[in-house]
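There are 2 protein chains.
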Amino acid sequence: MRLVRYNVAASLDGYVAGPHRNFDWIPDDPTVDFARIFAKVDTVLLGRKSYEVALDLGEPAWSADARVFVFSSTLRPENHPDVTVVADHAVERVRALREEPGDGEIWLFGGGELFRTMLAGGQVDRVEVTIAPVLLGGGTPLLAPRAPQTQLALVDSHRYPSGLVGLTYAVVR
Amino acid sequence: MRLVRYNVAASLDGYVAGPHRNFDWIPDDPTVDFARIFAKVDTVLLGRKSYEVALDLGEPAWSADARVFVFSSTLRPENHPDVTVVADHAVERVRALREEPGDGEIWLFGGGELFRTMLAGGQVDRVEVTIAPVLLGGGTPLLAPRAPQTQLALVDSHRYPSGLVGLTYAVVR
Chain U
1 MRLVRYNVAA SLDGYVAGPH RNFDWIPDDP TVDFARIFAK VDTVLLGRKS
51 YEVALDLGEP AWSADARVFV FSSTLRPENH PDVTVVADHA VERVRALREE
101 PGDGEIWLFG GGELFRTMLA GGQVDRVEVT IAPVLLGGGT PLLAPRAPQT
151 QLALVDSHRY PSGLVGLTYA VVR
Chain S
1001 MRLVRYNVAA SLDGYVAGPH RNFDWIPDDP TVDFARIFAK VDTVLLGRKS
1051 YEVALDLGEP AWSADARVFV FSSTLRPENH PDVTVVADHA VERVRALREE
1101 PGDGEIWLFG GGELFRTMLA GGQVDRVEVT IAPVLLGGGT PLLAPRAPQT
1151 QLALVDSHRY PSGLVGLTYA VVR
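First to last, the sequence lines map onto chains U and S. Take the first sequence: its position 166, counted from the start at 1, is 166 in the numbering used here, and no numbers get skipped. To get the numbering used here, take the position in the second sequence, counting from 1, and add 1000.
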């Protein structure tokens, strides 16, 4: 079974984007080893809004040869030839990806609505939140409202020089 | 200047109480040394809702000789002789407490609305969140919505056997 990892940066009050969909609150920290963290990722999952944000930011955060799935009922696939647009059966689609052979990992990039859908559908294995030393007071929640309560088990924690704290949890089923 | 410390337990998604004002998601962890953590606390600040929750829970979490201030414009002081009810000028009242002599500490017990008021008024020195290994998916936010963005500096972190992670921040002014 390939792991689905929800890996995001969040404020201490639980937002993954600021009130203006801004990310300027995430400190640059050269000790964060993205290459190591995402070494086994070959598949990326995004909601429509997160995909638009990622496009705006330019250079994608994932490897150029990763498969990218965007979950949206409004995007027209022909306008986005570099990704696979998934319009329905999102949970079943991700279940099938998890059951593929190999040990490649699946990065649930965001956002909080896709996370809620996949959590409710039992398709998330890891929750990895890097907490930035800031209170945003508003923005896009880490997890969309009215999600199912979910028990986690702490697997790892790491304190970075910038004050970022990385917390890695397994989802308890 | 006496320290005002917002010290709470929160879920990973940033709630300090569950959807039914429940706290059953906070693991018991005998290694949490409350006596040490609150050794210098001689003053406690609560919003009205948090006060009602604390009354419901019975045995208060703070020392029997602590001064307790409840911020509420609806509570009748004569019905609550063991506490001081503060109906207005909340920020000025806390500023005066901070400026008292001595090194006794002030525990901002909660909730998120009083925290927002005090944060906006510049009266919070420390933010101390103990993160429980759970996603609640809803409840009472750690910080009430539309609060000012506030930079923090990580002072300490501690990983407990139960999977609780204690994060202590100073408010950067």
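Virtual Cβ for every residue (Gly too), placed ideally from N, Cα, C.
query: What residue from Leu1154/S, Leu1108/S, Ala1035/S has the CA that sits closest to Leu1142/S's CA?
result: Leu1108/S
message: Following a CB-centred definition, is Asp13/U positioned closer than 6 Å to any heavy atom of the ligand MN?
response: Ligands are entirely absent from the displayed structure, and the ligand MN is therefore not among its contents.
field: CA-to-CA distance, Glu113/U to Arg126/U, given in whole angstroms
entry: 16 Å
message: Taking 8 Å as the cut-off, does the region 157–172 of chain U touch the region 1002–1011 of chain S (at least 3 CB pairs, one atom from each stretch)?
response: No, they do not touch.
field: Cβ shell of Gly166/U (< 6 Å), same chain only, five flanking positions each side left out
entry: Thr130, His158
- prompt: Comparing the C-beta of Pro177/U with each C-beta of chain S, is any distance below 7 Å?
  reply: Examination of residue 177/U is not possible in this model, given that chain U is present from 1 through 173 alone.
- request: Tell me whether the beta-carbon of Ser50/U lies closer than 7 Å to the beta-carbon of Gly111/U.
  value: yes
field: Under the three-state DSSP convention, the category Ala1087/S falls into
entry: The three-state secondary structure of Ala1087/S, taken from DSSP, is coil.
message: 7 Å is my cut-off, CB to CB: does Val165/U come that close to chain A?
response: In the structure shown, chain A cannot be found, because the protein chains are U and S.
task: Measure the Cβ-Cβ separation of Val124/U and Tyr15/U and say whether it is below 7 Å.
output: No; because the gap between Cβ atoms is not below 7 Å, this pair is not in contact.
task: Taking 7 Å as the cut-off, decide whether the C-beta atoms of Ala144/U and Leu119/U are in contact.
output: no
query: Is it true that the CB of Leu1164/S sits closer than 7 Å to the CB of Asp1028/S?
result: no
query: When the Cα of Ser162/U is compared with those of Pro1161/S, Ala1153/S, Val1134/S, which residue comes out closest?
result: Ala1153/S
- request: May I ask you to list, following chain order, the residues of the region 135–162 of chain U that have a beta carbon less than 8 Å from some beta carbon of chain S?
  value: Leu135, Leu136, Gly137, Gly138, Pro141, Leu142, Leu143, Pro145, Arg146, Ala147, Pro148, Gln149, Thr150, Gln151, Leu152, Ala153, Leu154, Ser157, Arg159
message: Tell me the rounded alpha-carbon separation between Gly1121/S and Val1091/S.
response: Those two C-alpha atoms are separated by around 6 Å.
- prompt: In this structure, does DSSP put Thr1117/S in helix, strand or coil?
  reply: helix
task: Count the other C-beta atoms from every protein chain shown that fall within 10 angstroms of the C-beta of Thr150/U, then say buried if there are 16 or more, exposed otherwise.
output: buried
task: Starting from the N-terminal side, write out each stretch of the alpha helix (DSSP H) that is 4 residues or longer and does not extend beyond the region 1058–1113 of chain S.
output: 1090–1098
query: Roughly how many angstroms separate the alpha carbons of Asp1082/S and Phe1034/S, rounded to a whole number?
result: 23 Å
message: The alpha helix (DSSP H) that contains Ala1035/S, what's its start and end?
response: 1034–1037
- request: Name, please, each residue of chain U whose Cβ falls closer than 7 Å to the Cβ of Val1091/S.
  value: What Val1091/S touches in chain U: nothing, since even the nearest Cβ is about 17 Å away.
Minimum Cβ-Cβ distance from Asp1088/S to chain U less than 7 Å: no
message: Give me the residue from Val1070/S, Glu1078/S, Thr1074/S with the minimum Cα distance to Val1085/S.
response: Val1070/S
message: With a threshold of 7 Å between beta carbons, is Tyr6/U in contact with chain S?
response: no
message: Just to confirm, is the Cβ distance from Arg93/U to Leu75/U under 7 Å?
response: no
query: So which residues on chain S does Val127/U lean against when the C-beta distance must stay under 8 Å?
result: Leu1012, Leu1135
- prompt: Are the C-beta atoms of Tyr1169/S and some chain U residue less than 7 Å apart?
  reply: yes
message: In the DSSP assignment, the beta strand (DSSP E) including Asp1042/S goes from what residue to what residue?
response: 1041–1047
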